[in-house]
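J.:
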Amino acid sequence: PELATTFLEQPLDNPLMNAAGVWCTLAAQLDALVESSAGAAVTKSCTLSRRDGNPEPRYRALPLGSINSMGLPNEGHVYYLDYAACHDYERKPLFVSVSGLSLDDNLTIVAALREAVLPAFLELNLSCPNVEGKPQPGYDFEAMDQFLAEVATAYRRPFGVKLPPYFDFVHFDNAAEILNRYDNLAFITCINSIGNGLVIDTESESTVIRPKDGFGGLGGDYVLPTALANVNAFHRRCPGKTIIGCGGVSTGEHVFQHLLAGATLVQVGTALHEEGPSIFDRLQKELRELMAKKGYTRIEDFRGRLKTL
Ligand SMILES: C=Cc1c(C(=O)O)[nH]c(=O)[nH]c1=O
Numbered sequence: 004p005e006l007a008t009t010f011l012e013q014p015l016d017n018p019l020m021n022a023a024g025v026w027c028t029l030a031a032q033l034d035a036l037v038e039s040s041a042g043a044a045v046t047k048s049c050t051l052s053r054r055d056g057n058p059e060p061r062y063r064a065l066p067l068g069s070i071n072s073m074g075l076p077n078e079g080h081v082y083y084l085d086y087a088a089c090h091d092y093e094r095k096p097l098f099v100s101v102s103g104l105s106l107d108d109n110l111t112i113v114a115a116l117r118e119a120v121l122p123a124f125l126e127l128n129l130s131c132p133n134v135e136g137k138p139q140p141g142y143d144f145e146a147m148d149q150f151l152a153e154v155a156t157a158y159r160r161p162f163g164v165k166l167p168p169y170f171d172f173v174h175f176d177n178a179a180e181i182l183n184r185y186d187n188l189a190f191i192t193c194i195n196s197i198g199n200g201l202v203i204d205t206e207s208e209s210t211v212i213r214p215k216d217g218f219g220g221l222g223g224d225y226v227l228p229t230a231l232a233n234v235n236a237f238h239r240r241c242p243g244k245t246i247i248g249c250g251g252v253s254t255g256e257h258v259f260q261h262l263l264a265g266a267t268l269v270q271v272g273t274a275l276h277e278e279g280p281s282i283f284d285r286l287q288k289e290l291r292e293l294m295a296k297k298g299y300t301r302i303e304d305f306r307g308r309l310k311t312l
């Protein structure tokens, strides 16, 4: 079976890539992703200036996934624009994730990305749950609409957004209605971590991460059904846009399910953090085996064809 696919008319060897924030904060990590068999890569969400992020421990792997409250540690936007300027786009696409702390910061970063005239794809992060005092734009529809109105106009080129998980059909409807207003909003990445979970260690009777009294974003097995729901909800509501699935992927079967739900590309976060970039070889092998068993030769044979009862 063939895993080759296209994203916004660009060919990719396969639909797999990292989730923003995982294995992508430093150039050496990004280089490892470019060297790996991932079909594409995305940089750590960046802010205007470098940030240390929250005090550690701020990430913890768990039997069923992970919890994190990193606090947006990153090298500042110029570092990632420089990386994007040196990337070999013939080899694989590169996405640049942007998560400015204000609309003005986002506009400054997006303008710099536009000035750089690079083939990189902009993934505007509207869903960081871990910067204290900063509500997620993705959960404030007025703010989200304003952000998008300004960024879409300023950037003018095709871009995408990274959304938080929604849990209510009215929220799916309202968010989709906003996204559909912007013609150059070309892709939607669902989902970011499920915000502000709380993991308790029974033996020590304590939280397991230091920031925010132990509250942090959940990833891994915990979030797969929510991720699939958000992928399918926006696939149904935004027919003109491309969906990138993210959340709960650790096997080829999970990749298959995201594609069936309507995703074109599939991002891997927690499992990549734990296994490293060789995971992309395993996921492709498992996906090929599953496709062969089902008699599919190409991804388009089943992508977006989730059946209902
Ligand atoms: C960009 C900050 C994010 C972070 C973070 O840096 O704390 N963690 C997440 O799970 N998702 C984010 O979007």
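Count the sequence shown with our numbering and you get residues 4 to 312, in order. Every residue gets a Cβ at the ideal spot worked out from N, C-alpha and C, and that includes glycine.
1) When the Cα of residue 22 is compared with those of 288, 291, 275, which residue comes out closest?
2) Taking the straight line between their C-alpha atoms, what separation do you get for residue 92 and residue 73?
3) Report yes if the C-beta distance between residue 5 and residue 301 is below 9 Å; otherwise report no.
4) What is the DSSP secondary structure of residue 25, reduced to helix, strand or coil?
5) Could you name each continuous beta strand (DSSP E) segment of 3 residues or more that falls completely within the region 240-306, going from the start of the chain to the end?
6) Ignoring anything shorter than 4 residues or poking outside the region 133-184, list the alpha helix (DSSP H) runs there in chain order.
7) Can you tell me which of the three DSSP states residue 66 falls into?
8) State yes or no: is the C-beta of residue 356 nearer than 8 Å to some heavy atom of ligand 1?
9) Can at least three beta-carbon pairs, one atom from the region 125-141 and one from the region 54-74, be found at a separation below 8 Å?
10) Roughly how many angstroms separate the alpha carbons of residue 49 and residue 178, rounded to a whole number?
11) Express the C-alpha separation of residue 298 and residue 201 in angstroms, rounding to a whole number.
12) Quick check: does the Cβ of residue 24 come within less than 8 Å of any heavy atom belonging to ligand 1?
13) Can you give the beta carbon distance from residue 57 to residue 167, rounded, assuming they're within the 8 Å contact cut?
14) How many angstroms separate the CA atom of residue 28 from the CA atom of residue 77?
15) Can you say whether residue 31 is buried or exposed, counting buried as having 16 or more other CB atoms within 10 angstroms of its CB?
16) Please tell me whether residue 41 and residue 190 are closer than 9 Å, where the distance is taken between their beta carbons.
17) Find out if the Cβ-Cβ distance for the pair residue 153, residue 110 is shorter than 9 Å.
18) Nearest by alpha-carbon distance to residue 288: which of 107, 17, 96 is it?
19) Can you find a CB in chain C that lies within less than 9 Å of the CB of residue 138?
20) Among the candidates 291, 253, 265, whose CA atom is the shortest distance from the CA of residue 66?
21) If contacts are defined as beta-carbon pairs under 8 Å, then residue 244 and residue 188 qualify, I think. What distance do you get, rounded to the angstrom?
22) At a cut-off of 8 Å, is residue 75 close to ligand 1 when judged by its beta-carbon and the heavy atoms of the ligand?
23) Please name the residue, chosen from 305, 281, 207, 25, that lies closest to residue 266 on a Cα-to-Cα basis.
24) Which whole-angstrom value describes the C-beta separation of residue 98 and residue 115, a residue pair presumed to lie in contact below a C-beta threshold of 8 Å?
25) Hey, would you say the C-beta of residue 222 is under 8 Å away from at least one heavy atom of ligand 1?
26) Let me confirm a value: residue 162 is counted as buried when at least 16 other C-beta atoms fall within 10 Å, else exposed. Which label applies?
27) Going by beta-carbon coordinates alone, are residue 79 and residue 61 separated by less than 9 Å?
28) Taking residue 171 as the reference, which of 146, 223, 233 has the closest Cα?
29) Three-state secondary structure (DSSP) at residue 229?
30) Would you mind stating whether residue 248 and residue 228 have Cβ atoms separated by less than 9 Å?
T.: On the basis of the coordinates in this document:
1) 275
2) 29 Å
3) yes
4) coil
5) 245-249, 268-271
6) 144-158, 172-182
7) coil
8) The first residue shown for the chain is 4 and the last is 312, placing residue 356 beyond what the model contains.
9) In the pairwise beta carbon analysis, the region 125-141 is classified as touching the region 54-74: at least three pairs are separated by under 8 Å.
10) 23 Å
11) Residue 201 and residue 298: Cα-Cα distance of roughly 42 Å.
12) yes
13) Rounded, the Cβ-Cβ distance is 19 Å, inconsistent with contact.
14) Rounded to whole angstroms, residue 28 to residue 77 spans 6 Å at the Cα level.
15) exposed
16) With contacts defined as CB atoms closer than 9 Å, residue 41 and residue 190 fail to qualify as a contacting pair.
17) yes
18) 17
19) The structure shown has no chain C; it contains just one protein chain.
20) Between residue 66 and the set 291, 253, 265, the nearest pair of CA atoms involves 253.
21) 7 Å
22) yes
23) 305
24) Their Cβ separation, rounded to whole angstroms, is 16 Å, which puts residue 98 and residue 115 out of contact at 8 Å.
25) yes
26) Under a 10 Å Cβ-count criterion, residue 162 is classified as buried, with 16 or more other Cβ atoms of the shown protein chains found around its own Cβ.
27) no
28) 233
29) helix
30) Against a cut-off of 9 Å, the Cβ pair of residue 228 and residue 248 comes out as no contact.
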